[in-house]
Amino acid sequence: MELFKIFKKQEKSKNVAKERLKLVLVHDRADLSPRFLDMIKTDIIRVISEYAEIDEEGLDIKLTRMKKDGDLTPISALVANIPLVKINNMDRN
Amino acid sequence: MENEKKGTAIVITSGKGGVGKTTTSANVGSGLAILGKSVVVVDADIGLRNLDVVLGLENRIVYDIVDVVEKNCRLKQGLIRDKRFDNLYLLPAAQTRDKSAIKPEQMIELINELKEIFDYIIIDCPAGIEQGFQYSIAGADQAIIVTTPEISAVRDADRVIGILEAKGLHNPKLIINRIRPEMVKRGDMMNREDIEDILAIDLLGIVPDDEEIVISTNKGEPAVIERRSLAGNAYMNISRRIIGEEVELLDLDNNGEGKFTKILKLLFSK
């Protein structure tokens, strides 16, 4: 295993910096408290669960900043990544 | 009111200290003056005065910004005229006071007065996001964020962008300072695109890490004046962009030279 490490290309340090920075900024930018974000998360799980089975471990909700289509001032956006295990077959009337 | 102007106030800020706010203020101020604009650079870093030495004007200070705000002297008495350009002035910081000496409302009043005299008011903001930062941004119409390609500086820049936005100072422009092209090439330093990608604001310019900045600071002559260096040229380009000219970014990979100059040099080098 150690041998493989030698051949494995060394990760560029700027990529390490960029990834670390992105993670740190997600938290910095979240002006909402972790508790508040957690409350949102719980509620989203509750609502989605009525329609589908969610992989709760893989659920990821975070605040980020993005530019809108018109290339205007960046705005805050709540990004939710909700892995669905199975959609509930509902009887649609 | 015959020569009443309506100048633009631009605050130079960064959050983190030591990224080049004062150097940028001195060079952009001088650059705008070279372009024929009337300019005042305001040192808002009360207690840690430095813009005077970077501009080589430290021996001419009589009054300072706090004297002006407290009305111990008239505004024009506080303004120091530059040695080289008679359309460039400095309003120095007070050295023996602290940041509590000025309130945001006083700063707004001062900047409004300066706007009637000058085309551009360049405010050199102190590091941090406390009192000094708060009054420095109070009277500004626009903001320039200075950062370096390091995690800590970019993080602080992001924080400052957020605060400016909340205070109603929209669309700040970015200067990335102290880029080292050889490290970028190696993949050991974030490049322009990486930082633009993260901060998501418009780029005003890139400035390479340059020994000439140290030398020019030693002498008290901003690098933009002689323009023997890449950094000096970078600051001139930034000044041109501020007045609305379209100038291409320096090509740092080729020492700032375009392909044509490079070919010429190759042809005539031997």
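Chains A and B supply the protein sequences, listed in that same order.
Per the working numbering, the first sequence starts with residue 1, numbered consecutively.
Per the working numbering, the second sequence starts with residue 94, numbered consecutively.
Quick reminder that beta carbons are idealized off the backbone N, C-alpha and C, glycines included.
With C-beta atoms as the reference, is residue i less than 8 Å away from residue j?
i: Glu202/B; j: Lys98/B; result: no
i: Gly255/B; j: Arg29/A; result: yes
i: Ile244/B; j: Leu21/A; result: yes
i: Lys130/B; j: Asn180/B; result: yes
i: Leu37/A; j: Ile54/A; result: no
i: Val132/B; j: Asp212/B; result: yes
i: Asp281/B; j: Lys14/A; result: yes
i: Leu125/B; j: Ser309/B; result: no
i: Thr101/B; j: Ile238/B; result: no
i: Gln235/B; j: Lys192/B; result: no
i: Val253/B; j: Gly108/B; result: yes
i: Leu25/A; j: Arg248/B; result: yes
i: Val300/B; j: Ile335/B; result: no
i: Ile45/A; j: Glu57/A; result: no
i: Leu392/B; j: Pro219/B; result: A query on residue 392/B cannot be resolved here, the shown segment of chain B reaching from 94 to 363 and no further.
i: Asp251/B; j: Leu144/B; result: no
i: Ala52/A; j: Lys86/A; result: yes
i: Ile82/A; j: Leu59/A; result: yes
i: Asp302/B; j: Ser322/B; result: no
i: Leu345/B; j: Pro274/B; result: yes
Using C-beta distances below 8 Å, list every residue in its chain close to residue i, excluding the 5 sequence neighbours before and after it, in chain order.
i: Asn284/B; result: Pro242, Ile272, Val277
i: Gly149/B; result: Lys176, Lys312, Gly313, Glu314
i: Leu172/B; result: Val133, Tyr182, Leu183, Leu184
i: Val112/B; result: Val239, Thr240, Thr241, Ala246, Asn270, Arg271
i: Arg320/B; result: Asn326, Met329
i: Glu289/B; result: Leu267, Leu296
i: Ala187/B; result: Ile139, Gly140, Arg142, Asp157, Ile158, Val159, Asp160, Ala194
i: Asn93/A; result: Summary for Asn93/A: the model assigns pLDDT 46, below 50, so the residue's position carries little reliability, and this model does not support an answer.
Using the beta-carbon count (16 or more within 10 Å), is residue i buried or exposed?
i: Tyr66/B; result: Since the first residue of chain B shown is 94 and the last is 363, residue 66/B is not available in this structure.
i: Thr42/A; result: exposed
i: Phe226/B; result: buried
i: Asn120/B; result: buried
i: Tyr328/B; result: buried
i: Ser49/A; result: exposed
i: Ser33/A; result: exposed
i: Leu292/B; result: buried
i: Lys114/B; result: buried
i: Ala77/A; result: exposed
i: Val16/A; result: exposed
i: Gly261/B; result: exposed
i: Gly337/B; result: exposed
By Cβ distance below 7 Å, which residues in the same chain neighbour residue i in space, the five residues on each side in sequence not counted?
i: Glu258/B; result: none
i: Ile306/B; result: Thr116, Ala316, Ala324
i: Arg440/B; result: An answer regarding residue 440/B cannot be provided, because it is not within the stretch 94 to 363 covered by chain B.
i: Val146/B; result: Gly313
i: Ser168/B; result: Residue 168/B is actually Leu in this sequence, not Ser. Here the set comprises Val161, Glu206.
i: Ser118/B; result: Ile105, Val134, Leu144, Ile215, Asp217
i: Glu95/B; result: The pLDDT assigned to Glu95/B is 44, lower than 50, so where the model puts this residue is not dependable, and the model offers no usable value.
i: Gly122/B; result: Val132, Val134, Leu181, Ile215
Give every residue of the same chain whose Cβ lies closer than 6 Å to the Cβ of residue i, excluding the five residues on either side of it in the sequence, and list them in chain order.
i: Cys166/B; result: Tyr156, Asp160
i: Ile195/B; result: Val162, Tyr228
i: Met200/B; result: Tyr228, Ala231, Gly232
i: Asp295/B; result: Lys266
i: Ala80/A; result: Ile61
i: Phe178/B; result: Ala126
i: His27/A; result: none
Does the beta carbon of residue i sit closer than 8 Å to a beta carbon anywhere in chain E?
i: Leu21/A; result: Given the protein chain composition of this structure (A and B), no chain E is represented.
At a cut-off of 7 Å, would you count residue i as near the ligand ZN, judging by its Cβ distance to the nearest heavy atom?
i: Asn81/A; result: Summarising the ligand content, the structure contains no ligands, and the ligand ZN is consequently not present.
Next item on the list: Only counting runs of 4 or more residues, tell me where the alpha helix (DSSP H) segments fall wholly within the stretch 243-302 of chain B, in order along the chain.
Entry: 244-259, 274-279, 285-292
Next item on the list: Tell me, please, whether the stretch 151-164 of chain B touches the stretch 120-140 of chain B by the rule of three or more beta-carbon pairs shorter than 8 Å.
Entry: yes
Item checked: Whole runs of the beta strand (DSSP E) within the stretch 127-199 of chain B, excluding any shorter than 3 residues -> 132-136, 181-184
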